[in-house]
Each structure stands twice: as C-alpha cells, then as structure tokens.
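Oh and the sequence shown: position 144 is 144 in the working numbering, straight run, nothing missing.
Down below is the structure, laid out as structure tokens.
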Amino acid sequence: MRLALVAFSAAFAASASAAPPVDCPMRDAPYSSASPLIDILLNPQAKAVAERALPGIATRLPAQLMGTTPPSFAAILTLKEASGFLRLPSAELPAIDRELAAIPVTIADKIARCSRYDTDPPKLVIPSGRPRILLFEKINGFRDVPSVDAAHSAFVSMAARKGWALVTTEKGSAFTPAILRQFDAVIWNNISGDVLTLMQRRAFQSYMEQGGGFIGVHGSAGDPVYFWDWYVDTLLGARFAGHPMAPQFQIARIKIDDSAHPVAQGLPATWDMSDEWYSFKNNPRASGSRIIATLDETTYKPDGFGGQNLRMGDHPIAWSRCVGKGRMFYSAIGHRPERYGDPIYVQMLEKAVAWAGTRDAKGCIAPK
C-alpha cells in the first residue's frame, strides 16, 4: 500500500511539473482551420493534415514565413486564412476541421504553444522625465527589421529631445499592474503576432480603461488574423484588410481630417508621402474613433494581392479612440524606415505621445 502511494505521488508530481506554466491564449484549444498556423506546424499530425490540404505549405515557403520559431508569419495566419490566397476550396474546410479536431492536444502541445510567451517580469530602470513611456517591441509574427529599428531610433531620439522618460522592453511580462502603473503611455512598435498571456492581457486592458495611454504604429494593426478581439476591435477599432501590391510602395496624399485634434495641430492640411498604405475591413470612424488624417485614394492605386480591391472611399490612416478613461492613438504610416525621419511624421508622433501620455481630468477626446 505504501509503495502504491509513493508511486502515485511520484506520478502526480511528474504530471504537475509537466503542465504548461503559462496561461497563454489558445493553450487548450482543439486544433482547427482557425488555429494559429504555427501551432499546427508544431504538431506532426496536424502538420500532415495541413500538408495534404495545401501541399508544400510547410516546405516550399521561406522559414521566416512558415517557421515554428518566432518571429514567424505562421503566427499571424490560420489554415482558413491561408486557404483563401492559396486557392483551397472553402468546401474542403469542414473535412479538414474534422481531421484536426480528432487530434488530441497533449501536454507537449500546450508547452510548445506557450513557449513564445514570457512570464518573468523584467527589472526596468525608469529615468527622470515626463511623460514616462514604455516602448514595447516583442514580436511573434512578422518582424520587418528595418521599420522596427527605424521607429526605435526615432522614439529614442524624440525622448532625448523632448525630455521623456523612455524605457524599452521586448518582454510581454512587463505587462503587469505594478509595472504598467509606472508609465503614462506604452508605444507598440510595429508589434505583430499574439504577444501577451491572458493575465498580461487583463493587466493591459485594465491599464487602458483606468486612464493609460497607447500609441501604435503601422504593423501594430497589420496582421491578417488576430486572436484577441479586445485589442483589434475595442482598442484599435479596425481590422486590417491588406495593402497594395502593384506596386507595394506608392506616393499618396494625406489629408488632415480634424485640425482641432491636439495631434493634428501645426501639421499641414495635406502632404504627399511614399509608403505601404493599409486598408481596413471596417472604417474606424464608424466604430467610434476620432479621425485625424485620411488618404486620398485618387492619388494612388489601392489594388492588393491577386487584384484585391482595397478602396475604402473614406480612408482613415491615423486616428484616436477613447478606451474607458484611456487614450489610444494609431497611425498606419511607417513601413518604409525613412518615414521615421520625415519631419511631418515625426511631428505627428511627438504630438501623439504627448497627447496619449497626458493624464488629466479632461480624459480622452471623444469623436465629434
């Protein structure tokens, strides 16, 4: 009897130690065509299903696109989404889902799924200055190194010039109530992919609702698939649709839509700029945003991959939102690294940080 109890205790301890320690999103979710493609590729059985449906999906494409080690495009794509541009008939998806659902999600699968998240809070040293800004740069999805590096250098230079207290981290584990309350605003520098655990998500959401600030640039709203509805629908207020591919970079005219907004003051009424221009599936104006600037679609060709029509008509490119008591600013400008040296855009970003990082009794500026 005693030997049996010892054996049971040892087995229980081994099982507990094998349990994934991270409360990562989708840790326990069954496999499906809506799973992150990176999770499917991490499991040999699920990967075989994907290969039968889309031959070569894991072998013909470059490792940075379909790799299982972040950053990887596979982290911001699903089999369902991939089927659209790889021409897999949608009628085949139900059968694929049945196959995937039959694959058990093991402890090893859960550990692999959670390995791209982090949980040990970093020790941050905050210099003197105001506002206090956390520059966040953890990327699990697509990492465009030139634009990330250029934006990083631009924000560091702005902080030195404007007297901000800027701290940089690539750790999602910085998103705890204790750490976030030390900062007036957070900047998401071209963040792509799901990067926060469930607990970190809750801390960030609470931080914003209680009066924190958020500044997001370009790729921070550019993923084809999102796995956190609050971030994309409530915080950003718009879902990415695509960008032109013929050609990818074009000169377009930007028009100030709301000259009374603090971020717009002092900017020219219109200016021309070359960049990768995002379109969105829904108009952030309709979702309650205050639009700061729009694109003039008559000045460039909004044609996406495979002839996708990316015309929005009313085409916001920079806007703000109220999230509880918090301030949110997002600009879709910034794929080309030289944009972060453009005097007009630098001025816009400086004003955005000053606005989002100001905590006062007036709170956020709601739409007109």
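For glycine and all other residues, C-beta sits at the position ideal for the given N, C-alpha and C.
This one's a predicted model, so the numbers in the text were calculated from it and none came from an experiment.
*How is the alpha helix (DSSP H) around residue 113 delimited, first residue to last?*
Segment 107-114, the alpha helix (DSSP H) holding residue 113.
*Going straight from the alpha carbon of residue 203 to that of residue 321, what length do you get?*
Each residue's alpha carbon lies about 19 Å from the other.
*Cβ-based neighbour list, residue 228, same chain, cut-off 8 Å, excluding 5 preceding and 5 following*: Excluding sequence neighbours, residue 228 sits near 25, 194, 196, 201.
*In whole angstroms, what is the alpha-carbon distance linking residue 41 and residue 262?*
Straight-line Cα distance between these residues: approximately 46 Å.
_The alpha helix (DSSP H) enclosing residue 206, as first and last residue numbers_ = Where residue 206 is concerned, the enclosing alpha helix (DSSP H) stretches over 198-209.
*Evaluate the contact criterion for the segment 173-185 versus the segment 110-122: three or more CB pairs, one atom per stretch, below 8 Å.*
Under the three-pair Cβ rule at 8 Å, the segment 173-185 counts as touching the segment 110-122.
*So, do the segment 106-115 and the segment 137-145 have three or more beta carbon pairs nearer to each other than 8 Å?*
Segments in contact, no.
*Per-residue DSSP class, three states only, for residue 352*: The DSSP-derived three-state label of residue 352 is helix.
*Do residue 105 and residue 234 have their C-beta atoms within less than 8 Å of each other?*
Contact flag unset, no.
*asked:* Give the list of continuous beta strand (DSSP E) stretches no shorter than 3 residues that lie fully inside the segment 238-277.
replied: The segment 238-277 contains these whole beta strand (DSSP E) runs: 240-242, 250-256, 270-275.
*What three-state label does DSSP hand residue 305 in the structure shown?*
The answer is helix: DSSP assigns residue 305 an H, G or I state.
*Excluding the 5 residues preceding and the 5 following residue 359 in the sequence, name in chain order all residues of the same chain whose CB lies nearer than 7 Å to its CB.*
Result list for residue 359: 184, 211, in chain order.
*C-alpha distance - residue 83 paired with residue 139, whole-angstrom precision*: Spanning the two alpha carbons is a distance of roughly 24 Å.
*Around the C-beta of residue 281, are 16 or more other C-beta atoms found within 10 angstroms, so that it is buried, or is it exposed?*
Exposure of residue 281 is indicated by the presence of fewer than 16 other C-beta atoms within 10 angstroms of its C-beta.
*asked:* Does residue 317 come out as helix, strand or coil in the three-state DSSP assignment?
replied: It is a strand residue.
*Is the segment 91-98 touching the segment 235-244 in the sense that three or more CB pairs, one from each, lie closer than 8 Å?*
The segment 235-244 vs the segment 91-98: no contact.
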